[in-house]
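Report on the structure given below.
In my numbering, the protein residues as written are 87 to 395.
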């Protein structure tokens, strides 16, 4: 978006009091009170996003173009299940000769292990630029096809100081600070631990981690699956985690999964004795618009059918 430059020679006239009052009232008149406006309407609110970019999806996962140390662009996944600011694939570390950082402990939900790190001087998506980033690093592409290969990951910390909007149907990602989700705003969910949100499976109310980096619809601990469903569990291939793999069966949920305004039916879920919590993954989100605001610890999940605009 371009803006007309301000001329230093143009006279500056103060607004008349009545005009000032009208100007300040315009946002409320146009959009309603911020505290009562439905959260999903913010997905199409006019304004000036800091980031407004397309993304591609492979096996449910989002990929955007990112600049690293002012070079690139490089293909990075957007992973709300990953802590910190970023991850760097081993081949990117080699290509850019990124200096090593100190190893750090990292958990994949099942195991905690020491993980190598690399230092990135500047990491940029659109006009959002993070400096002196410590990125966990490993080979993320050993088992990936050429189409699914990526150079790194933008983790949830990269988006911590604004509103992240992931519009799966439109394949568009925005990041902005001019609007936010507010406490008790209609259509929002609160969380205390990122990003665990309330879900209902049939008649069972529980909590699930919202994870755009998980290429599954849902993962359920065996005990929780048995509580929610009487369906059979068949053998399935192993789940790949950050520090290894674990056995996980497959099952079709006859019961609906309800999260915010989204109702999911006929989900194929992965069931494991070893995974400790429910996960709502990328395959379950493809018809939704996500709004995540870490400033207020609120999330909105908007079905495509209810997407405004």
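Just so you know, even glycine gets a beta-carbon here, dropped at the ideal spot from N, CA and C.
Counted within 10 angstroms of its Cβ, other Cβ atoms place residue i as buried (16 or more) or exposed
| i | result |
| --- | --- |
| residue 134 | exposed |
| residue 309 | exposed |
| residue 147 | buried |
| residue 352 | exposed |
| residue 157 | exposed |
| residue 358 | buried |
| residue 165 | buried |
| residue 204 | buried |
| residue 143 | exposed |
| residue 123 | buried |
| residue 262 | buried |
| residue 370 | buried |
| residue 131 | buried |
| residue 321 | exposed |
| residue 379 | buried |
| residue 372 | exposed |
| residue 232 | exposed |
Inter-residue spacing [alpha-carbon to alpha-carbon] between residue i and residue j
| i | j | result |
| --- | --- | --- |
| residue 113 | residue 269 | Unreliable placement is indicated for residue 113, whose pLDDT of 39 sits below 50; no coordinate value is reported for it. |
| residue 227 | residue 178 | 11 angstroms |
| residue 140 | residue 377 | 16 angstroms |
| residue 390 | residue 297 | 19 angstroms |
| residue 201 | residue 242 | 18 angstroms |
| residue 195 | residue 289 | 26 angstroms |
| residue 186 | residue 223 | 9 angstroms |
| residue 176 | residue 145 | 21 angstroms |
| residue 126 | residue 344 | 17 angstroms |
| residue 318 | residue 337 | 6 angstroms |
| residue 403 | residue 315 | Residue 403 is absent from the model: the chain starts at 87 and stops at 395. |
| residue 386 | residue 342 | 19 angstroms |
| residue 364 | residue 235 | 26 angstroms |
8 angstroms Cβ cutoff met for residue i and residue j
| i | j | result |
| --- | --- | --- |
| residue 302 | residue 292 | no |
| residue 211 | residue 384 | no |
| residue 47 | residue 349 | What the structure shows of the chain is the stretch from 87 to 395, and residue 47 is not part of that stretch, so it cannot be assessed. |
| residue 374 | residue 254 | yes |
| residue 271 | residue 167 | no |
| residue 219 | residue 206 | yes |
| residue 332 | residue 361 | yes |
| residue 266 | residue 381 | yes |
| residue 150 | residue 214 | no |
Beta-carbon separation (whole angstroms), residue i vs residue j, contact threshold 8 angstroms
| i | j | result |
| --- | --- | --- |
| residue 273 | residue 347 | 6 angstroms |
| residue 237 | residue 162 | 6 angstroms |
| residue 280 | residue 221 | Not confirmed; about 18 angstroms, so no contact. |
| residue 182 | residue 152 | About 12 angstroms; that fails the 8 angstroms criterion. |
**Request:** Note down, one range per segment and in chain order, each beta strand (DSSP E) of at least 3 residues found wholly within the segment 256 to 318.
**Result:** 258 to 262, 282 to 287, 290 to 296 and 304 to 307
**Request:** Kindly provide the ranges of any beta strand (DSSP E) runs that are 3 or more residues long and lie completely inside the segment 160 to 217, ordered along the chain.
**Result:** 172 to 175, 186 to 193 and 198 to 211
**Item:** Within the segment 216 to 247, ranges of the beta strand (DSSP E) (whole runs, at least 3 residues)
**Value:** 238 to 241
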